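Chains as they are written, first to last, in our numbering: chain A, 1 to 115; chain B, 116 to 226.
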């Protein structure tokens, strides 16, 4: 069964450092998303991406964040200068459509720890 | 921002019995609602959804009920199995797949 894969599974970084989280969405999907879950809190939407541009972003997704699809398979989330409050589990998701189903396929997540 | 709320952080049920997980929402503009299941160290997995124009959707052991006037939905699992033990998230969406999640309910099904 096709799945969304994410790397790394866990990254520890120092505050102020840049981090890149990588995702390989399901191959025939066209819509890509990043969500995150701070420990003990709800899963929160960060950004959606379609046709090589951001479709929608939340207020969390400020100038420190960026997303990119550098080739035909990878989808990346970059945090330019990490803060302590960026520590969270980051989930990549993909879907075939962007409306009406909400049926997203999530990866297993990348745990980011900022020290 | 508490648009989607799950007021029960945990629920314990005996194997074979019914599990009922509840969710309330405040935004009447949501087009559809979903339940996701999450095991530790895994991403959320889509379970079942319901359009805002329906009041019930059933898929095997899982049934979701929507009461729009009360802005309430529930997930029924019958019969509950130990493998159902996980965190269940209620979520809601509108025109896109920007989903608003609840805080989750940890279901423990006791053998």
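The beta carbon of each residue, even a glycine, is placed where N, CA and C say it ideally should be. Being a predicted model, the structure only gives us computed values, none of them experimental.
Sorted by chain position, which residues of the same chain lie with C-beta nearer than 6 Å to residue i's C-beta, five sequence neighbours on each side aside?
| i | result |
| --- | --- |
| residue 66 of chain A | 78 |
| residue 181 of chain B | 165, 170 and 188 |
| residue 178 of chain B | 191 |
| residue 96 of chain A | 29 |
| residue 226 of chain B | 130 and 197 |
| residue 128 of chain B | 134, 195 and 224 |
Using the beta-carbon of each residue, which ones in chain B are nearer than 7 Å to residue i?
| i | result |
| --- | --- |
| residue 45 of chain A | 213 and 214 |
Chain A partners of residue i, CB-CB under 8 Å?
| i | result |
| --- | --- |
| residue 217 of chain B | 42 |
Mind pulling the chain B residues with CB within less than 9 Å of residue i?
| i | result |
| --- | --- |
| residue 87 of chain A | By Cβ distance, chain B contributes nothing, its closest Cβ being about 16 Å from residue 87 of chain A, past 9 Å. |
| residue 27 of chain A | Simply none; closest approach about 18 Å. |
Could you tell me which chain A residues have their CB closer than 7 Å to the CB of residue i, listed as they occur along the chain?
| i | result |
| --- | --- |
| residue 158 of chain B | 91, 106, 107, 108 and 109 |
| residue 204 of chain B | 43 |
| residue 161 of chain B | 103 and 104 |
Suppose the cutoff is 8 Å on Cβ atoms and the five residues either side in sequence are ignored; what does the same chain contact list for residue i look like?
| i | result |
| --- | --- |
| residue 186 of chain B | 139, 140, 141 and 143 |
| residue 125 of chain B | 220, 221, 222 and 223 |
State the beta-bridge partners of residue i as determined by DSSP.
| i | result |
| --- | --- |
| residue 208 of chain B | B:147 |
| residue 137 of chain B | B:189 |
| residue 95 of chain A | A:31 |
| residue 61 of chain A | Note: residue 61 of chain A sits in no beta bridge, so no partner. |
| residue 90 of chain A | A:36 and A:110 |
| residue 171 of chain B | B:180 |
| residue 133 of chain A | Residue 133 of chain A is absent from the model: chain A starts at 1 and stops at 115. |
| residue 221 of chain B | B:125 and B:202 |
| residue 154 of chain B | According to DSSP, residue 154 of chain B bridges with nothing at all. |
| residue 56 of chain A | A:48 |
| residue 6 of chain A | A:23 |
| residue 120 of chain B | B:139 |
| residue 164 of chain B | B:149 |
| residue 11 of chain A | A:112 |
Enumerate in chain order the residues of its own chain whose CB-to-CB distance from residue i is below 7 Å, with the five nearest sequence positions on each side excluded.
| i | result |
| --- | --- |
| residue 52 of chain A | 69 |
| residue 114 of chain A | 13, 15, 82, 83, 84, 86 and 87 |
| residue 119 of chain B | 138, 140, 205, 206, 207, 215, 216 and 217 |
Inter-stretch contact (C-beta, 8 Å, three-pair minimum) for the stretch 140-152 of chain B and the stretch 47-64 of chain A: no
Could you please tell me which residues of the stretch 50-81 of chain A, in chain order, have their CB closer than 8 Å to any CB of chain B? 55, 56 and 58
If contact is defined by three or more beta carbon pairs under 8 Å, each pair taking one atom from either stretch, is the stretch 58-75 of chain A in contact with the stretch 33-45 of chain A? In the pairwise beta carbon analysis, the stretch 33-45 of chain A is classified as touching the stretch 58-75 of chain A: at least three pairs are separated by under 8 Å.
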